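Asker:
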Amino acid sequence: MTRQLVLGIETSCDETAAAVVSEDREILANVVFSQIDEHQPFGGVVPEIAARAHLSLLDGLIERAMREAEVDWSDLSAVAATGGPGLIGGVIVGVMTAKAVAIATGLPFVAVNHLEGHALTARLTDDVGFPYLLLLVSGGHCQLLEVEGVGRYRRLGTTIDDAVGEAFDKTAKLLGLGYPGGPAVERAALEGDPARFKLPRPMVGRPGCDFSFSGLKTAVRQTVSRIDQPSSVDVADLAASFQHAVAGSLRDRCRRGMQLFADAHGAGRPFVVAGGVAANAVLRADLSALSGEMGMAFVAPPPALCTDNGAMIAWAGLERFRLGLTDALDFAPTPRWPLDPNAQIAIGAGVKA
Amino acid sequence: MPTNHANEDVSPIADADAGFQLHIRLADVEATRVLAINLARISRQGDVLALEGDLGAGKTEFARAFIRARAGSAIEVPSPTFTLVQEYEFGDENALDSLRHVDLYRLVDAEEALELGLEEAFETAICLIEWPDRLGLALPAKNLTIRLRFCDIPEARIVDIEGSSLWWRRLTEAGVINA
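Sequence order for the protein chains is S and W.
Adding 1 to a residue's 1-based position in the first sequence gives its number in this note's numbering.
Adding 10 to a residue's 1-based position in the second sequence gives its number in this note's numbering.
1. Would you kindly report the start and end of the unbroken beta strand (DSSP E) that includes G101/W?
2. Helix, strand or coil for I34/W per DSSP?
3. Put I136/W into one of helix, strand or coil per three-state DSSP.
4. DSSP beta-bridge partners for Q96/W?
5. D170/W bridges to which residues according to DSSP?
6. Using a Cβ-Cβ cut-off of less than 9 Å, give me the residues of the stretch 145–162 of chain W that come near chain S, in sequence order.
7. Could you please give the first and the last residue of the uninterrupted alpha helix (DSSP H) stretch that includes P304/S?
8. Using the three-state DSSP reduction, which class does D328/S fall into: helix, strand or coil?
9. Which stretch, first to last residue, makes up the beta strand (DSSP E) that contains R155/S?
10. Going by CA-CA distance only, name the one from T308/S, A185/S, D331/S and A312/S that's closest to G137/S.
11. Report yes if the CB atom of G177/S is closer than 7 Å to the CB atom of I314/S, and no otherwise.
12. Comparing the C-beta of E167/S with each C-beta of chain W, is any distance below 7 Å?
13. Quick check: what's the CA-CA separation for F132/W versus E62/W?
14. Any idea which residues DSSP pairs R20/S with across the strands?
15. How about D287/S: is its C-beta nearer than 7 Å to some C-beta of chain W?
16. Ends of the beta strand (DSSP E) at G150/S?
17. Determine the closest residue to M295/S out of D25/S, C255/S, R321/S and M97/S, with distance taken between C-alpha atoms.
18. In three-state DSSP terms, what is V236/S?
19. Using a Cβ cut-off of 7 Å (strictly closer), state whether E39/S contacts chain W.
20. Buried or exposed for A305/S, please, with buried defined as at least 16 other CB atoms from any protein chain shown within 10 angstroms of its CB.
21. I'd like to know whether the C-beta atoms of V32/S and A54/S end up nearer to each other than 7 Å.
22. What residue does the alpha helix (DSSP H) around E62/W start on, and which one ends it?
23. For V87/W, name the three-state secondary structure that DSSP assigns.
24. For a quick check, are the C-beta atoms of R202/S and G152/S less than 7 Å apart?
25. Using a Cβ-Cβ cut-off of less than 8 Å, give me the residues of the stretch 42–66 of chain W that come near chain S, in sequence order.
26. Apply the 10 Å Cβ neighbour rule to Q260/S and answer buried if 16 or more other Cβ atoms are within range, or exposed otherwise.
27. Less than 7 Å separating the beta-carbons of T91/W and E167/S?
28. Going along chain S, which residues have a C-beta under 7 Å from F92/W?
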């Protein structure tokens with residue numbers, strides 16, 4: 002008996018990626034084109050924002066993914082692509098390519114919500130069952146979601162200003178650390194004293210589960226500006242203090258989310274952390290400890306599957322395909338596509354998607 | 011319209027051809043918001059506001075207050091750093107109020123910025139542009155520059171406002187700034 006395989010394409014943000022996954026949770030190929038080495042001279046600039054970069058890379062990446070997976074078009078069950086949210090130019094490139102494959106091969110097309118790709122990754126890596134509580138933390142998003150099923154989400158909280166990954170990137174910039182900012186701050190913080198600088202822990206003690214990181218960024222800036230010629234020790238201490246403040250804020254918000262989740266679904270369900278920021282080992286350890294304390298099973302996909310990739314799109318596409326949720330070829334890329342369209346507006350705040 | 015800027019220190023250099031430049035001291039973030047709201051009230055389609063300032067200076071806070079004033083309610087205004095552009099449309103089809111909140115922080119050159127469809131937006135929408143230096147010469151000359159600077163007190167900012175004589179007339183006639 003042949004198993005179902007899906008090709009997944011991701012072009013909604015900075016990464017161009019293609020992957021093939023199977024219904025029995027095997028990743029046959031997962032190719033991500035990343036120019037991070039070339040980004041570094043620009044201190045946080047991402048050349049792949051241009052749609053033409055995705056365009057010039059994507060065909061080759063798909064070819065390579067198919068070759069590494071050792072599969073032919075006829076072995077596939079469907080082709081999936083990120084349909085939003087994200088940068089419209091990039092999304093169009095991925096969606097048009099997937100549609101072209103669908104037309105040429107007769108395969109069904111599945112449009113995947115990028116956030117659902119992150120949300121369902123834990124089912125690919127750890128076979129997690131519904132429902133579970135999800136903390137989605139990346140450069141563009143910071144949300145707490147109840148995941149009740151494929152396509153069924155309830156947003157408990159979101160950032161009212163900056164995403165947590167954005168706060169890491171900008172803190173790295175303020176401290177003169179490299180790009181990408183997340184790993185750079187984490188590395189610098191290893192040597193630092195998290196107790197040296199008293200930084201605000203945003204939203205701690207406030208009702209609800211919303212996040213805020215803009216004020217923390219400004220506090221880092223002000224702290225840096227008070228130090229005359231910061232030494233490497235100052236930078237390390239500030240990086241550690243910043244990370245400590247982020248952790249404190251995330252812990253407080255997640256604890257509230259866990260209580261709400263337990264009220265709705267009972268105790269002992271999984272707590273999943275996904276998105277690029279979930280690659281941070283300190284935050285992971287912290288949230289894992291909190292999970293234990295709250296009686297939840299902690300799940301975090303390996304770092305390579307936390308950052309943007311094609312496997313998560315292929316997997317979400319496969320989950321949707323199995324439920325008969327394929328899309329017509331007139332599907333229009335959707336720059337804004339919330340997982341929970343009924344979410345309450347965060348007071349004084351913004352949602353990312 | 012009340013100007014309502016605490017410690018206002020207007021030092022305009024107004025010239026029919028060269029335009030104007032003035033500096034206002036904003037006591038806190040609330041004063042930044044009041045300035046944004048006053049500018050939102052007189053803005054119209056085709057206006058380009060260039061928001062300059064270092065990380066944490068309050069550009070997004072300014073934009074948030076501006077956008078909410080246009081919307082007429084406390085709608086969600088996320089940071090556009092990651093998505094580069096956030097589009098807003100208010101009003102109905104008879105009087106569509108189209109607004110773009112743009113953050114070019116992550117870009118290298120003007121070519122990339124223009125790929126975001128900004129040229130058309132400069133004519134048809136109100137554009138709030140953070141990190142406008144990335145646009146280089148592609149930043150329309152008609153723009154009003156709002157530059158937020160840090161000063162001696164952590165909460166306070168100095169704002170430089172620069173624009174054409176046309177902007178000067180609009181701002182003074184509406185009472186946003188005192189001539």
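The beta-carbon is built from N, C-alpha and C at its ideal position, and this holds for glycine as well.
These numbers come from a predicted model, not from an experiment.
Answerer: Straight from the coordinates:
1. Looking up residue 101/W in the second sequence gives position 91. Boundaries cannot be given for G101/W, as no beta strand (DSSP E) includes it and DSSP labels it neither H nor E.
2. Position 24 of the second sequence holds residue 34/W. Strand, per DSSP.
3. As a working note, residue 136/W is residue 126 in the second sequence. Reduced to three states, the DSSP call for I136/W is strand.
4. Locating residue 96/W in the second sequence gives position 86, counting from the first residue. In DSSP, Q96/W forms a bridge with H111/W.
5. For the purposes of this step, residue 170/W is taken as residue 160 along the second sequence, with counting starting at 1. Answer is H33/W and R157/W.
6. F160
7. Position 303 of the first sequence, counted from the start, is the residue given in the question as residue 304/S. P304 to C307 is the extent of the alpha helix (DSSP H) around P304/S.
8. Taking the first residue of the first sequence as 1, we reach residue 328/S at position 327. D328/S falls in the strand class under three-state DSSP.
9. As a first step, residue 155/S must be located in the first sequence, where it is residue number 154. R153 to T159 is the span of the beta strand (DSSP E), which, as asked, contains R155/S.
10. Residue 137/S sits at position 136 when you count from the first residue of the first sequence. Checking the sequence, you will find Leu at residue 137/S rather than Gly. Out of T308/S, A185/S, D331/S and A312/S, T308/S has the C-alpha closest to the C-alpha of L137/S.
11. Reading the first sequence from its first residue, position 176 is the one you call residue 177/S. Reading the first sequence from its first residue, position 313 is the one you call residue 314/S. Going by C-beta atoms, G177/S is not nearer than 7 Å to I314/S.
12. If you number the first sequence from 1, residue 167/S lands on position 166. Yes, its Cβ sits closer than 7 Å to a Cβ of chain W.
13. The residue given as residue 132/W occupies position 122 in the second sequence. The residue given as residue 62/W occupies position 52 in the second sequence. If you take the alpha carbons of F132/W and E62/W, they lie about 17 Å apart.
14. As a working mapping, residue 20/S is identified with position 19 in the first sequence. In the sequence as displayed, the identity of residue 20/S is Ala instead of Arg. Beta-bridge partners of A20/S (DSSP): G9/S and N31/S.
15. The residue labelled residue 287/S in the question sits at position 286 within the first sequence. D287/S does not count as touching chain W.
16. Locating residue 150/S in the first sequence gives position 149, counting from the first residue. C143 to G150 is the span of the beta strand (DSSP E), which, as asked, contains G150/S.
17. Along the first sequence, read from residue 1 onward, the residue named residue 295/S stands at position 294. The option with the nearest alpha carbon to M295/S is C255/S.
18. As a first step, residue 236/S must be located in the first sequence, where it is residue number 235. V236/S falls in the helix class under three-state DSSP.
19. Translated into the one-based positions of the first sequence, residue 39/S becomes position 38. Because E39/S sits at a pLDDT of 46, beneath the cut-off of 50, its placement in the model cannot be relied upon, and the following sentence gives the value as read from the coordinates. Chain W contact via Cβ: absent.
20. Counting from 1 along the first sequence, the entry for residue 305/S is found at position 304. Classification of A305/S: exposed, given that the 10 Å Cβ count is below 16.
21. Numbered from its first residue, the first sequence carries residue 32/S at position 31. Numbered from its first residue, the first sequence carries residue 54/S at position 53. Against a cut-off of 7 Å, the Cβ pair of A54/S and V32/S comes out as no contact.
22. On the second sequence, position 52 is the one that residue 62/W refers to. Careful: E62/W lies outside any alpha helix (DSSP H), inside the beta strand (DSSP E) at V58 to E62.
23. By one-based count along the second sequence, residue 87/W stands at place 77. V87/W falls in the coil class under three-state DSSP.
24. The sequence position of residue 202/S within the first sequence is 201, counting from 1. The sequence position of residue 152/S within the first sequence is 151, counting from 1. The answer is no: Cβ separation not under 7 Å.
25. D64, L65 and G66
26. Mapped onto the first sequence, residue 260/S falls at position 259. Exposed, since its Cβ has fewer than 16 Cβ neighbours within 10 Å.
27. As a position in the second sequence, residue 91/W is number 81, starting the count at 1. As a position in the first sequence, residue 167/S is number 166, starting the count at 1. A contact, by the Cβ cut-off of 7 Å.
28. Within the second sequence, the letter at position 82 stands for residue 92/W. Ordered by position in chain S, the residues that pass the 7 Å Cβ test against F92/W are G140, G141, A164 and E167.
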